[in-house]
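Below: one structure, written as structure tokens.
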């Protein structure tokens, strides 16, 4: 791999050799000749690859492995700004760390091919200096009169101003009575105003904001805003954004659920006068094109986005913020497996800009970095404007169970009734979509399973479908059992949010109920409308999954009831306790965020579990220390290293054969332990059979070198795929 750091702006004269990186999961760089025009490192170029034309990036000097007579010339250089040197360094680093093909990482930075083509100038029109001999109708006269009085207008705008149809303007253009005038497109984003009046900060917030303002002027650093829910972390890092804007540099804010962050966008608009540029999967192709170009040109001063926004080609990034840094949504498992929080720190270090991590429940990795002195902690222990943290109590389901066929304890039902009677809002939380997670035959016990995955089909009663949440396969609920052919014998087992909503409608018949889950709120517009309805008290009882825990502020929401607080504690996941603690803290933080006090009730069968004890006692730090000590003793992250290999293929026998071959070649090194192969918990996923290796490595032992050598020594057959996941977060 050519190092970008060696000469990031290298110029290449005509007819010289260059290395081009293609956005494909291939082995490495490809050599080409520059042709008749000069090129520089970072230029986007069209090159031949077999019989097709591919867009790639000039990465550096040719590797020299191919005779010059066999090299093909670059077809053309694209008329767009080059990929910045920092972006190329970052791509190299991510590829090396994740053991992924560099081209696969480049593809994430080149995710909008149409942005690489030159933009067409808009064509306005004005009245011709000399009017041709044409028939003038009243409509044509109005158009010419408006065109003479106003500056050049786009045809559609001119037609609207004159009160005529587009065909009238088109006819005048064709007749020569109107002249076309090229017009540069307007900037896609207005610049946020750093001096726009913001909210008053508390002394604690002001001290943290002052620290971040200094950090913006001081190069690379990592600061962690560790504040309780409702402490105003967002307003604090807004001051850092203001400092970056004043310095003329770009800012990036990563959010775990950008498409569902209507309230965050409104808070930004109130602070800076305009909305920021956005980057997420729900944007139109045209908007993604305009945003990509504005980022590389430096005119998009603030970008808020999902994890993929990290790979945009920023011209001059001066601040990087990861909000809710603990959230598992920042981990990408498919394709290039990376954690956006960790890669954001790397991006900040490569670019010499400060990084801010914010969370009410910092991850164990972040806590360890604070303890070692690598990160600076900014503590906000109190809620803003004097609001109190909600009281948290357990409902022991062994003593106070729901009636048979129901899921809400009488204690929780009474609390909801009292809350609604007081004119306040309540939330019921269950991190499980659909109506029921399992459907089985009462007669023979047959369970409805996905044909492509090792997973049960989940009933979504509202949509009338059985759905696999892993591959998306869906069918209508069968009328008879495919095993024993019994008619109408299927029973729903366990609750999802739809079933809780059904029970709530029965128990609270006068309440206005809304369900918020990723399959009921599917995009930014729906999310914004739902949040508005809750904020304006058009909904009394909110029922939702984890997306309701993403920083929403509802002043009248005073009660949160967690239906199954134990969900996620079992299964042997390394981070089960940590994740459950984080999730329940976050969802509990939705209660009592204004002047009315809040209350949280957790339904549990395990009231003595350390997570439940920590939640009700407020002993977060004690829980973290106990969790950290257990990880130290086991040599688990963040005090040890893990990597996973997932071997998959369409034929189970071939996958097993290759996995055994790979196991026989595993490194035998002290402190480098290879566990497996073993069937993955999801042994079949999207029709591919899967086997897993887990590599456990001491912190003082190299991971990447032995892992690369091992994989290179045992190349996979064409039908077998080996995915590497360095620092895995999930174990399915």
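Residue numbers (the UniProt record's numbering): 1 to 732.
Beta carbons are placed, not taken as given, at the ideal position from N, Cα and C, and that holds for glycine.
All values derive from a computational prediction rather than experimental measurement.
Out of the options, state which residue places its alpha-carbon closest to the alpha-carbon of residue i.
i, options, result
"residue 708", "257, 586, 662, 303", "662"
"residue 220", "95, 248, 141, 350", "350"
"residue 574", "601, 623, 520, 731", "731"
"residue 729", "554, 329, 428", "329"
"residue 128", "364, 143, 104", "143"
"residue 339", "542, 354, 308, 447", "308"
"residue 257", "585, 275, 306", "306"
"residue 577", "589, 556, 627, 71", "627"
"residue 290", "188, 35, 166", "188"
"residue 388", "593, 499, 102, 271", "593"
"residue 82", "125, 56, 66", "56"
"residue 476", "684, 315, 149, 461", "461"
"residue 149", "125, 196, 327, 92", "125"
"residue 500", "547, 568, 402", "402"
"residue 699", "637, 99, 42", "637"
"residue 284", "442, 677, 598, 114", "114"
"residue 364", "354, 327, 346, 343", "327"
"residue 206", "13, 335, 717, 238", "238"
"residue 657", "691, 235, 639, 341", "691"
"residue 513", "537, 525, 158", "537"
"residue 635", "697, 649, 648, 618", "697"
"residue 525", "263, 435, 47, 170", "263"
"residue 368", "40, 100, 38, 632", "632"
"residue 271", "247, 197, 292", "197"
"residue 608", "597, 623, 596", "623"
"residue 251", "445, 677, 510, 279", "279"
"residue 486", "445, 156, 245", "445"
"residue 425", "373, 436, 393, 596", "596"
"residue 89", "715, 109, 243", "109"
Note down, in chain order, each residue of its chain lying with its Cβ closer than 8 Å to the Cβ of residue i, except the 5 sequence neighbours on either side.
i, result
"residue 2", "Caution applies to residue 2, whose pLDDT of 48 falls short of 50 and renders its modelled position unreliable; the value that the coordinates give is listed next. Same-chain partners within the cutoff: 19, 29, 59, 60, 61, 63."
"residue 450", "456, 457, 468, 470, 471, 473"
"residue 6", "With a pLDDT of only 47 at residue 6, under 50, the local geometry of the prediction cannot be trusted, and the value read off the model is given with reservation. Excluding residues within five positions, the ones whose Cβ falls inside 8 Å are 60."
Please work out which residues of its chain come closer than 6 Å, Cβ to Cβ, to residue i, disregarding the five sequence neighbours upstream and downstream, and give them in chain order.
i, result
"residue 261", "255"
"residue 97", "none"
"residue 432", "496"
"residue 153", "124"
"residue 312", "295"
"residue 713", "665"
CB residue i to CB residue j, shorter than 7 Å?
i, j, result
"residue 286", "residue 294", "no"
"residue 377", "residue 226", "yes"
"residue 224", "residue 375", "yes"
"residue 723", "residue 646", "yes"
"residue 78", "residue 32", "no"
"residue 161", "residue 181", "no"
"residue 105", "residue 288", "no"
"residue 361", "residue 582", "yes"
"residue 396", "residue 273", "no"
"residue 212", "residue 103", "no"
"residue 428", "residue 231", "no"
"residue 740", "residue 357", "Since the first residue of the chain shown is 1 and the last is 732, residue 740 is not available in this structure."
"residue 137", "residue 74", "no"
"residue 390", "residue 660", "no"
"residue 785", "residue 345", "Residue numbering for the chain in the displayed model covers 1 to 732; residue 785 lies beyond these limits and cannot be assessed."
Please return the same chain residues whose Cβ sits closer than 7 Å to the Cβ of residue i, not counting the five positions on each side in sequence.
i, result
"residue 398", "605"
"residue 276", "192, 268, 302, 303, 304"
"residue 410", "400"
"residue 614", "581, 620, 622, 623"
Per DSSP, residue i forms a beta bridge with which residues?
i, result
"residue 444", "Answer is none; residue 444 lacks a bridge partner."
"residue 484", "None; residue 484 has no bridge partner."
"residue 11", "40"
"residue 323", "358"
"residue 781", "With the chain covering only 1 through 732, there is no way to say anything about residue 781."
"residue 696", "642, 673"
"residue 331", "339"
"residue 429", "544, 562"
"residue 317", "250"
From the beta carbon of residue i, is the nearest beta carbon of chain D less than 7 Å away?
i, result
"residue 132", "The displayed structure is made up of one protein chain only, and chain D is not part of it."
Worksheet item: Hey, which unbroken runs of the alpha helix (DSSP H) at 4 residues or more fall wholly within the segment 185 to 265?
Response: 203 to 216, 233 to 246
Fill in: Ordered list of alpha helix (DSSP H) runs contained in the segment 643 to 690, each at least 4 residues
652 to 664
Worksheet item: Enumerated in chain order, which unbroken segments of the alpha helix (DSSP H) with a length of 4 residues or greater are wholly contained in the segment 140 to 181?
Response: 155 to 162, 166 to 175
Item to complete: Entirely within the segment 581 to 639 and at least 4 residues each: give me those alpha helix (DSSP H) ranges in chain order.
Response: 610 to 617, 620 to 634
Item to complete: Mind listing, in chain order, the continuous alpha helix (DSSP H) runs of no fewer than 4 residues lying wholly within the segment 494 to 520?
Response: 497 to 507
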